[in-house]
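What follows is a set of notes on a single structure, which appears directly below.
Structure, rendered in structure tokens:
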């Protein structure tokens, strides 16, 4: 079951740089892990913004929330989730 | 080169039903054609709305505009285009 | 799997009154049918507006879109879908 | 009398982590208390966000405000309240 | 129990003038009726707009919706309802 | 001459608690003073928010601005002022 | 007492051209009349839009609403009124 | 003196096709004329929309408004004008 | 050449009070200076807000930007500029 | 391939002045470098705001994102990218 997810990242200025770097490294590792599990089939950078557009493939809403909230950057992201269905004109 | 495209369709109430049906049939045929040409790799329905989220793969901005404006529903759609880049955490 | 759905109805002024009444009657019948099937556990009127707030309980995004687009008022509604998950503080 | 309530939580970055944890624990206890009193019949997590959608069942506007402002996270939440009425098509 | 209600009126251009006048006259009569019943204690015109700001005093959400939807202009109004509570600094 | 005023309060997290409490106490005293002078005939709490909806009765725009900017919470409020006129259907 | 008023004009496409022209001519005459009475000291065109920014000088909110609603284009305008006060740095 | 101008075109569905085509042809001729006069140095299509982003080079605000309102599509466009200044980092 | 300018001031809470006061005093002096030069013919306070509505009379966009960015409060203001033209109904 | 880019700069108040100055100087140097490479053909200041409107000329979305994210002010900017195509009426 597919979901369209947009994530906008805003790390607060008060977070020390080394702490921010550690979170970003952990984020990257976790993102790769979820992709390798087949749950995050598409991940694109939005040009000019610290943001991504993603497609998630999950069994349920609960699983999707568990995945998203497991991301180390979760507290610093604005996330917008849109459920997708099969399009009648898709081949 | 990938672009994220969201299309919201709003057919005016004044358009006769048979004319609307003809446009929708032509839209479906054209959508399949563009997909088969490899230019429209993803096409999803947004749940609960007469709208889609799509990914286009084109050579240039001009090509993308030519494809979108060739859609029979183009005059009745609000289209939002977002350029995508490779994400550093994508596998 | 639960989804929060808000529907705002706007019937165009150009629709003849008897046709509008027929659609509303069909809408009511279909809404009762979906509720009786256990797929639409909650349906509330928003005070002061021709709108409702609803909870749907479905197996998949595709099923939800099929249900929503089967509503006779679907062409005249603006629908906003929000996926819900279990809340850790819910009893 | 039912009210639709959406709560978005934003804990400021300047709040020490242990203080934030204490407030969250108190929030959970108070949320359970209100639910057990039958005043908060539904509480759902919005997927991908530190937010909930809730239904409150109260005697009056004053009671609703008293309940909401008794929540330990109240100073850190943006709350949107929508009064609900019985829907003519609800079974 | 008090509610803040804002009503913006937009009569469609396609409605014949005499029909619009009849609806406005009926609206005025119904507005006076509800005020005389003590349910609509304040009704003000917003300067420069075909809109009003009102205070309703009702027993329940259902009563408020019944009153608002009984207004002849109801199909042509955008209505926004805000529940009010007693303010701790009010004398 | 009546004005509709909505005030949303947002006290910054960096303000020490005792200082905030002192400002709130001064705010309450000033609010009572203005009400007793007959200039602030209505003051209601918006349910679920640190906000109020008010009606002011003043001689001029200058007097209204003087009153609002005399409030101790003025630097921490977003204030929206709407001029009101007599409504032709008001009794 | 000064008010800042912005008026955006949108004449419906269904209004016959000669009727629209008559309304515009009447609007111009009425605008000149109000200006000559000293009630409308400033009237500017917003570049690129069928809109104006104006300053009105009136005795009361009721007078302002009476003037604005006397404009022949009033039913076709979106009007936004902002009360002005003397600025402490104005010379 | 440069101005950034964005024009969004929305031709009403009620306008007969041949009339719309005549207006579009006249628009094109006028656009070329203004460009050749050196007043409209840049004109770009926004991908996926019936809209353009333009740069105008004029002597005054009045001249800009005269040019824009001389466009045959002016009644059907939403135009947003932004004054530009020299950027200190521009070469 | 006239421009409509709206300035909203938001001084950060972290700025020490004496520094803020010095900036405000310098702002007032500079505002008077520009007014006396005939470049800022109108300056009004927006009732209830730390904001002003102004009319500037300048030779060019560059001059306007130079004036606005010379204001000591410039770094703390959100400024919105609208070019004005002569209105055909202005007397 | 042309892109319309708008950049709004917001340097946090917590950044020390000398650090902010160093970033601005580096930004200017990098902006000149990209312009000299022919990738940034137009760069204008928006009057009254710490913002610019720009045109970029690049080979691909990836190149555009690389250029934008190489700007020293990138972490402090809100950037909006719009793909442009050739306009049929452009000469």
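Chains as they are written, first to last, in UniProt numbering: chain A, 1 to 91; chain B, 1 to 91; chain C, 1 to 91; chain D, 1 to 91; chain E, 1 to 91; chain F, 1 to 91; chain G, 1 to 91; chain H, 1 to 91; chain I, 1 to 91; chain J, 1 to 91.
C-beta atoms are modelled at their ideal positions from N, C-alpha and C, and glycine is treated no differently.
Small disclaimer: the values here were computed from a predicted structure and weren't measured.
Going along the chain, which residues of its own chain have a beta-carbon closer than 7 Å to the beta-carbon of residue i, five neighbours each way excluded?
i, result
"residue 20 of chain D", "11"
"residue 23 of chain A", "72 and 73"
"residue 26 of chain C", "72"
Please list, in chain order, all residues of the same chain as residue i whose beta carbon is under 6 Å from its beta carbon, the five residues on each side excluded.
i, result
"residue 82 of chain B", "4"
"residue 80 of chain A", "6"
"residue 151 of chain J", "Nothing can be reported for residue 151 of chain J, as the shown portion of chain J is limited to 1 through 91."
Determine whether the beta carbon atoms of residue i and residue j lie at a separation below 9 Å.
i, j, result
"residue 42 of chain D", "residue 55 of chain C", "yes"
How many angstroms separate the CA atom of residue i from the CA atom of residue j?
i, j, result
"residue 73 of chain F", "residue 28 of chain D", "31 Å"
"residue 34 of chain G", "residue 84 of chain F", "21 Å"
"residue 39 of chain E", "residue 70 of chain G", "31 Å"
"residue 50 of chain F", "residue 51 of chain I", "22 Å"
"residue 78 of chain I", "residue 59 of chain A", "46 Å"
"residue 47 of chain I", "residue 44 of chain F", "20 Å"
"residue 65 of chain H", "residue 89 of chain E", "51 Å"
"residue 30 of chain H", "residue 63 of chain H", "15 Å"
"residue 93 of chain E", "residue 14 of chain A", "Nothing about residue 93 of chain E can be read from this structure; chain E reaches only from 1 to 91."
"residue 75 of chain J", "residue 75 of chain A", "18 Å"
"residue 9 of chain E", "residue 9 of chain B", "27 Å"
I believe residue i touches residue j by the beta-carbon criterion, under 8 Å. Please report the beta-carbon distance rounded to the nearest angstrom.
i, j, result
"residue 32 of chain B", "residue 36 of chain A", "33 Å between Cβ atoms; not a contact."
"residue 7 of chain C", "residue 61 of chain A", "That pair is no contact at about 20 Å."
Using a Cβ-Cβ cut-off of 8 Å (strictly less than) and excluding sequence neighbours within five positions of residue i, which residues of its own chain qualify?
i, result
"residue 67 of chain I", "34, 39, 40, 56 and 58"
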